[in-house]
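> Before I ask anything, here is the structure I am working with.
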Amino acid sequence: CLLFSSSAHAEELITIKKRSNVTENQVEALRRDGQVKDILFLVKQVAFSASLLASGSGNVGPYSTLVPLVFRYVVTNTGNAYNPNTGVFTAPVKGAYHFEFHIYGHGHASHPSSAILVKNGQHIFIAYEHQPSHYGSSSNGVTLILEVGDVVFLRLWPNSRIWDNANHHSTFSGHLLFTM
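Per my numbering: the sequence shown = residues 8 to 187.
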């Protein structure tokens, strides 16, 4: 029985040694190929923040239909996943992403201030405020699981308007929480 136990232990030690050698080889390969590691690190860095107007002040809207909002004043765009020409964020890696949007408006009896967060054409959340005078704001946020190539953007709600100026009240931001 002692001989059997020693033989079993010897086999287990050989298996552990083989696994250890494979792991050491993998670690060494990663060290040698620093470029791949750098690229993987950069892909995992995704964050953007933008406000509605790049300069001046004024309203966007109202329009009779849903209209994509393009946030043109980009403060941060690490990973270049946000397109300031279209207002669309495109996921570069599969993962959990968090988005926030803040909408500001001049009070108006007929026109609320509201925007919808959209994922791949699907209405996810809305931020909405309506008051007849003075200024008002609303905000919302969401964490989404995105696949590579999924898109997220904001749309102006029909008959709504959003106001912005050099103080950058109306904003859209997002960042990668972790890859999957």
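Where is the CB? At the ideal position from N, CA and C, for every residue including glycine. The structure presented is a predicted model; accordingly, all values stated were derived computationally and were not measured.
#1: Is any beta-carbon of chain C found at less than 7 Å from that of residue 115?
#2: If you check the beta carbons only, do residue 76 and residue 171 fall under 7 Å apart?
#3: How many whole angstroms separate the CB atoms of residue 164 and residue 133, which I take to be in contact at a CB cut-off of 8 Å?
#4: Taking the DSSP output, what are the residues bridged to residue 143?
#5: List the endpoints of the continuous beta strand (DSSP E) containing residue 171.
#6: In terms of alpha-carbon separation, which member of 161, 139, 119 lies closest to residue 69?
#7: Run the CB neighbour count on residue 128, radius 10 Å, all protein chains shown included, and call it buried at 16 or more, exposed below.
#8: How about residue 112 and residue 152: do their beta carbons lie closer than 7 Å?
#9: How big is the Cα-Cα spacing for residue 145 and residue 109?
#10: For the beta strand (DSSP E) holding residue 136, just list the boundary residues, first then last.
#11: Considering only DSSP beta bridges, list what residue 103 is partnered with.
Let me lay it out:
#1: Protein chains in the displayed structure number just one, and chain C is not present.
#2: Contact flag unset, no.
#3: Contact check for residue 164 and residue 133: beta-carbon distance about 7 Å, within the 8 Å limit, so the pair qualifies.
#4: DSSP output for residue 143 lists 112 as bridge partner(s).
#5: Where residue 171 is concerned, the enclosing beta strand (DSSP E) stretches over 169 to 171.
#6: That would be 119, whose Cα lies nearest to the Cα of residue 69.
#7: By the neighbour-count criterion, in which 16 or more other beta carbons inside 10 Å mark a residue as buried, residue 128 falls on the exposed side.
#8: It is not a contact, given that the beta carbons lie outside the stated cut-off.
#9: Each residue's CA atom was taken as its position, placing residue 145 and residue 109 some 6 Å apart.
#10: From DSSP, the beta strand (DSSP E) with residue 136 extends over 129 to 136.
#11: In DSSP, residue 103 forms a bridge with 152, 185.
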